[in-house]
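Have a look at the structure below, then the notes.
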Amino acid sequence: MLNVMNHAERYWILPTLLVVLSIGPLYGWLAALYAPPAAGLTAPAQTQMEADLDAGPSSFPQRREDAELFDRALVAGLLQSDGKGRIVVAPADLPLRWIYARGHPDFLTPRGDEPDWLSGPWNDEIRRLHQALHFSASGRYVRQQIEAFNARRPGFARIQWRDGHLVWRDRS
Amino acid sequence: MVWLLPVIGVAWTVARAPCWLEPHSLTVMLNPGQEVVLGRKALAAPQADSNHVQIRRDVNGNWWLVNLAVNKQVLWEPAKEWADQSARTWRLVLGAAFAVGTQSFEVLDLGTRRLTLRDRHQRWEYDGLRLYRNGHSLPECYENWRTGLRERLSHLPGLHNLFQRPLRLGGGVYCADRLGLPGVPVDTAILVPVESGFVLQPGWAGRLDGAPVVVAAGTANAESLWRRSIPLVVDDRLIIGRTQYQVMRTAPVLELAVLARAWRRLAASPPPDIPSIITIQWQPETWWRPPGPDHWYWPARLGLAALVLGWVILHSVPGRRLSRRTRWRVLGSLALAGTCFGLHLSSLAAPVLWSYLLAWPVLGIWLMTVRSWWSIGLLTMLTLLLGIGWLTLLQLGVGADESGWPRYGSSGAALAGAFGWLVWAGWDSGYWQRWFGGLDARSIRWGQRLLAGGALTLLTLQVMLGDEGGWAGFQPFELVKLALTAAVAYMLIRWLRPAGRKEGSSNRLPGWRTLSPAALLLAMSGFAVVFLHDFSPLALLAIWALVLAWAWAQVHAQSRWRWRGRFLVVFLVMSAAGGLAWLHEHPEDFPLDMQIDRIRVWVAPEQYPHAGYQLRRALEAIRAGGWRGTIWDDPVNGRVMTIPAVENDFTLTFFLNRYGGLAGLALAAIQAIFISFLLIIAGRAFCRTGSEDERIAGGFVYFTLYGGAALLGAHFLVSWGANLGFLPVMGQPMSLLSSAGSHQTLLVLPIVALAVVVEESNSDNPP
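Keeping their order, the protein sequence lines are chains E and H.
Under my numbering, the residues of the first sequence are numbered 1 to 172, in order.
Under my numbering, the residues of the second sequence are numbered 1 to 767, in order.
The structure is reproduced here in structure tokens:
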């Protein structure tokens, strides 16, 4: 087939091929995206979008990344109670404090009234958790909720004391 | 005809644009001794807090402003000064004292390069780079190659000031640029070196309700840094939230001209409910007429400068004399290029349509000039893609309720116009034709080395002095892409056709020839992984490498290498697709720590409302647009504007939301044809016959265009994938659609220009 084509005709194979290869899968993907959801699963797209925007990122039914982060940060000691019922978040420069605690302890500031953040465990897992707590979108949300809890407890719904433990409640 | 389509689109967009009223000026009427608190509505500042500033008139009739926002800024540029500063700024003076938390500091010594402080127990010195405690130098906070390089470079003559950095107050550690303070979060306040000494400012963790910072401590003038008052006099400039103002008069009332990025309202809607002592003067959106002579400053100056420079060059450089008519055409093109660049610099304030009006004609001129059908085809596709991009960004601007959004479209059009007119000036004077005619192995070698050296220098400056958004207003990373493409093209053609040997004979690639491409590749990968913490540039590189491998196999002299090469590329593509499918099923097995969230969001966005916020919003907006889009029902953009980076990485989402899926399919088809035209022109360049130098030049162009087309195709693919969620990558701007001036000017348009120049030089040699 190719042999009987002249040069000009052969040139058109490439654009045609690329157009077909791009349009075909794209059409399939968009069609799947636009397909109406099964009845009862979700609201129509625009309504759902508006509902999410109005409710903020807390209108998800399942247990999510923020709840997970809160629980793990509590267990790792990155969130502590200050004895007055408030939650204290580990300082943003804790990884640097750990480095200096090992190499140059004389360059650490006196502790003052802060909790002793250097008395707990520290490993790669906790370092990653700390990074998520201070430098990720979910961490920012968790810290905002903690600020709100500290200001409004005990009437704050998201975080509550239950049986002496702090509990993150998902709103459904 | 094709050239007219986008013009019709722009006219249609302007005709259907909502009728906005923009604030022209604010008038505050206060008697001496009175004060008022203003917020978002009264200031017409959409990013401001609800109670952002307090304006006070003292008994002498002077006006004062205090920033009341918890953690939002007010920037102040006093009249006759060129740099703005935070309203919460305090200039240190000898003998003065300040306190952060419970710790007080006294200023013992102060110079342009030296600050000496004393607290209760210790003496601190800071030279703009390193902190000393009681005379002993403190170690770098994080020892790494960047800090080491910075330290070494700062000792070079004249470079110290370039590498100065603020001293950060707070935190639990004393090190080179941190002065720790017990119980005070790190970065609560910073001491910034300036020309005349040092100033105290809030750091990123500084908040009105956080640790107290008191200036002029221990004196009658002691006040909180957070509540510092600034005097307002005529010609002062302010930025509140993101909205820009200028003080026009202070008696008998305070009048602020609203310069840019203000909230605007529909003409049919009622004015906002604001205190009666504030009056807002509204005016319709300016499409053509500049609001004041200030808006001519950059376009007129740069247009004139380009004209003069062009005149000097044309009259001083020896060579072929141009006819009088051609000379004036060239000078006119240069003046228009300068004007366009000036419009790019003042895109925030210039009338909306100016850039489009200056940029569009140059595309028409190019379309009428070129002779080869492939050039015409390529420029037609470019015209359509640019037209779609400008139309989309124009709609983004005219449909938004903030007056700053049109700058994205204006800036992109202005840069494209500047590039187009500049290249046209070169073409009309015959420069490009002579350049390509004289292209030989030596000039290619030195050209690509120069490009690589320049790109790497700029990238290093970005790493040292800039951030992931760029340096000095542009993104050197895009130039590195172009340099890498050229360097690898040169390496491949020398490998394929070593000078002095028979074509296709067996040969090995000398190690030194790989030096430049290897350095660029290393710089790009390292920059992406270490600096950007993003692997989407690696995805671009992977696609680029596969396409280049295909291009190499395609033209190899030995058929066994051709088939092996093609088989290997197909195998690698299939493996990559298989790997992605596997990763979708086993995201927990992703081997890298970096961007693991991205993989998880890709697999299950519903479980990651924060990390997957952008993608979820994008998918909802695309669904809301459907096949036909929302533009037909409502000219106002609405909630799609809340998607982060909607003007850049997620412009495609905006396009699909407003114009629908059918328009998306058309866009993808045009992109595919555009890429294929680039590849066809590349193939035609390789078939060039003649001397060894000419064949090397043809081969170099072949690989450069293939590499360039691969990068553009990869940008298209990655952007589609990030917006629709079928690829686990962070966004990349979609070429010729998103607002990405550096990408367009440093990568896309040079590749297209090379293709056109080469094809035009080649069109007389049919394949």
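We treat Cβ as the ideally placed atom computed from N, Cα and C, and that holds for glycine.
Predicted model, so just to flag it, every value in this text is computed and none were measured.
**OP:** Answer yes if the stretch 294-303 of chain H comes into contact with the stretch 66-77 of chain H, meaning at least three C-beta pairs across the two stretches below 8 Å, and no otherwise.
**Re:** Look at the beta carbons and you see the stretch 66-77 of chain H not touching the stretch 294-303 of chain H: under three pairs across the two are nearer than 8 Å.
Subject >> Inter-stretch contact at 8 Å, needing at least 3 Cβ pairs: the stretch 254-263 of chain H / the stretch 238-246 of chain H >> reply: A contact exists between the stretch 254-263 of chain H and the stretch 238-246 of chain H.
Original post:
What does DSSP give as the partner residues of A11 of chain H in its beta bridges?
Top reply: Assignment of beta-bridge partners to A11 of chain H by DSSP yields no partner.
Subject >> Neighbourhood of A45 of chain E by C-beta distance below 8 Å, restricted to the same chain and skipping five residues each side >> reply: Since pLDDT at A45 of chain E reaches only 40, below the 50 mark, its modelled position is unreliable, and the value read off the structure follows with that caveat. Within the same chain, A45 of chain E has no close Cβ partners at all.
**OP:** For V756 of chain H, decide whether its Cβ has a neighbour in chain E, counting only Cβ atoms nearer than 8 Å.
**Re:** Output row for V756 of chain H: interface = no.
Subject >> Whole-angstrom distance between Q614 of chain H and C141 of chain H, CA atom to CA atom >> reply: When rounded, the separation of the alpha-carbon atoms in C141 of chain H and Q614 of chain H is 34 Å.
Original post:
Nearest chain E C-beta to W627 of chain H closer than 8 Å, yes or no?
Top reply: Chain E contact via Cβ: present.
Subject >> First and last residue of the uninterrupted beta strand (DSSP E) at D109 of chain H >> reply: Run containing D109 of chain H: Q103 to L110, per the beta strand (DSSP E) assignment.
Subject >> First and last residue of the uninterrupted beta strand (DSSP E) at R57 of chain H >> reply: Taken as a continuous stretch (DSSP letters only), the beta strand (DSSP E) holding R57 of chain H covers V53 to R57.
Subject >> Contacts that T93 of chain E makes with chain H (C-beta to C-beta distance below 7 Å) >> reply: For clarity, residue 93 of chain E is Asp in the given sequence; the question names Thr instead. Identification of chain H residues near D93 of chain E by a Cβ-Cβ cut-off of 7 Å yields G171, G172, V173 and V186, ordered along the chain.
**OP:** Please look up how many angstroms separate the CB atoms of P6 of chain H and L391 of chain H, rounded, as I've assumed it's under 8 Å.
**Re:** Right, the Cβ-Cβ distance comes to about 6 Å (below 8 Å), so this counts as a contact.
Original post:
In chain order, what residues of the same chain have a beta carbon less than 6 Å from the beta carbon of R228 of chain H, not counting five sequence neighbours either side?
Top reply: Around R228 of chain H, the same chain offers R88 as residues with beta carbons nearer than 6 Å, after the five sequence neighbours per side are excluded.
Subject >> Three CB pairs or more closer than 8 Å across the stretch 522-532 of chain H and the stretch 464-484 of chain H >> reply: The stretch 522-532 of chain H, when compared against the stretch 464-484 of chain H, does touch it at the 8 Å Cβ threshold.
**OP:** Enumerate in chain order the residues of its own chain whose CB-to-CB distance from R628 of chain H is below 7 Å, with the five nearest sequence positions on each side excluded.
**Re:** Excluding sequence neighbours, R628 of chain H sits near G660 and L662.
Subject >> Candidates H:Y126, H:L379, H:A668 and H:Y608, of which the one nearest L69 of chain E by Cα >> reply: Of the listed residues, the one whose Cα sits closest to L69 of chain E is H:Y608.
**OP:** Might you give, ordered along the chain, the residues of its own chain that have their beta carbon closer than 7 Å to the beta carbon of L167 of chain H, omitting 5 neighbours on each side?
**Re:** Only Y126, L131, D177, L179, I190 and L191 meet the Cβ criterion.
**OP:** Give the DSSP-derived three-state secondary structure of I277 of chain H in the structure shown.
**Re:** Per DSSP, reduced to three states, the secondary structure at I277 of chain H is coil, with no helix or strand assignment.
Subject >> Integer-rounded CB distance, given that G412 of chain H should sit under 8 Å from S739 of chain H >> reply: Contact holds; Cβ gap of about 5 Å.
Subject >> Candidates H:I274, H:T339 and H:V757: closest to I681 of chain H by CA position >> reply: Closest in C-alpha terms to I681 of chain H, from the list H:I274, H:T339 and H:V757, comes H:V757.
Original post:
Which two residues bound the contiguous alpha helix (DSSP H) that contains E760 of chain H?
Top reply: That run of the alpha helix (DSSP H) goes L749 to N762.
**OP:** Assuming P115 of chain E and Q80 of chain E form a contact by the criterion Cβ under 8 Å, report the distance between their Cβ atoms to the nearest whole angstrom.
**Re:** Sure, about 5 Å apart at Cβ, within 8 Å.
Original post:
For V570 of chain H, is the classification buried or exposed, using 16 other Cβ atoms within 10 angstroms of its Cβ as the cut-off for buried?
Top reply: Exposed, by the Cβ-count rule.
**OP:** Give a yes or no on whether 8 Å exceeds the smallest Cβ distance from L181 of chain H to chain E.
**Re:** Closer than 8 Å to the CB of L181 of chain H there is at least one CB belonging to chain E.
**OP:** Say whether the stretch 148-161 of chain E touches the stretch 99-116 of chain E, bearing in mind that this needs 3 or more beta-carbon pairs closer than 8 Å, one atom from each stretch.
**Re:** No, the stretch 148-161 of chain E does not touch the stretch 99-116 of chain E.
**OP:** Note down, in chain order, each residue of its chain lying with its Cβ closer than 8 Å to the Cβ of S25 of chain H, except the 5 sequence neighbours on either side.
**Re:** Contacts found: M248, E255, L256, A257, V258, I280 and Q281.
**OP:** Taking a Cβ distance cut-off of 7 Å, strictly less, list which residues of the stretch 372-397 of chain H are near chain E, in chain order.
**Re:** Those residues of the stretch 372-397 of chain H that come within reach of chain E (Cβ to Cβ, closer than 7 Å) do not exist; the list is empty.
Subject >> Beta-carbon gap between Y706 of chain H and V547 of chain H smaller than 8 Å >> reply: In contact: Y706 of chain H and V547 of chain H (Cβ atoms closer than 8 Å).
Subject >> chain E contact residues for Q246 of chain H, given Cβ-Cβ distances below 7 Å >> reply: At a beta-carbon threshold of 7 Å, none of the residues of chain E lie near Q246 of chain H; the nearest stands roughly 34 Å away.
Original post:
For G40 of chain E and chain H, any beta-carbon pair shorter than 8 Å?
Top reply: Note on G40 of chain E: pLDDT 41, under 50, position unreliable in the model; the coordinate value appears next. Chain H contact via Cβ: absent.
Original post:
In this structure, does DSSP put S269 of chain H in helix, strand or coil?
Top reply: S269 of chain H: coil per DSSP, three-state reduction.
**OP:** Report, in whole angstroms, the separation of the C-beta atoms of G377 of chain H and F677 of chain H, which I expect to be a contact under 8 Å.
**Re:** Taking a contact as a CB-CB distance under 8 Å, the pair G377 of chain H and F677 of chain H counts as one, their CB atoms being some 5 Å apart.
Original post:
In whole angstroms, what separates the C-alpha of E151 of chain H from that of G197 of chain H?
Top reply: Rounded to the nearest whole angstrom, the CA to CA distance from E151 of chain H to G197 of chain H is 21 Å.
**OP:** Could you round the C-beta distance between L94 of chain H and F105 of chain H to whole angstroms and report it? I think they count as a contact, below 8 Å.
**Re:** So it is not a contact: roughly 13 Å between Cβ atoms.
Subject >> Helix, strand or coil at G683 of chain H [DSSP, three-state] >> reply: Looking at G683 of chain H - three-state DSSP - the assignment turns out to be helix.
**OP:** Kindly indicate the opening and closing residues of the alpha helix (DSSP H) around I239 of chain H.
**Re:** For I239 of chain H, there is no enclosing alpha helix (DSSP H); the residue is part of the beta strand (DSSP E) that begins and ends at R237 to I240.
Subject >> Partners in chain E for G661 of chain H, counting only beta-carbon separations shorter than 7 Å >> reply: Simply L30 and Y34.
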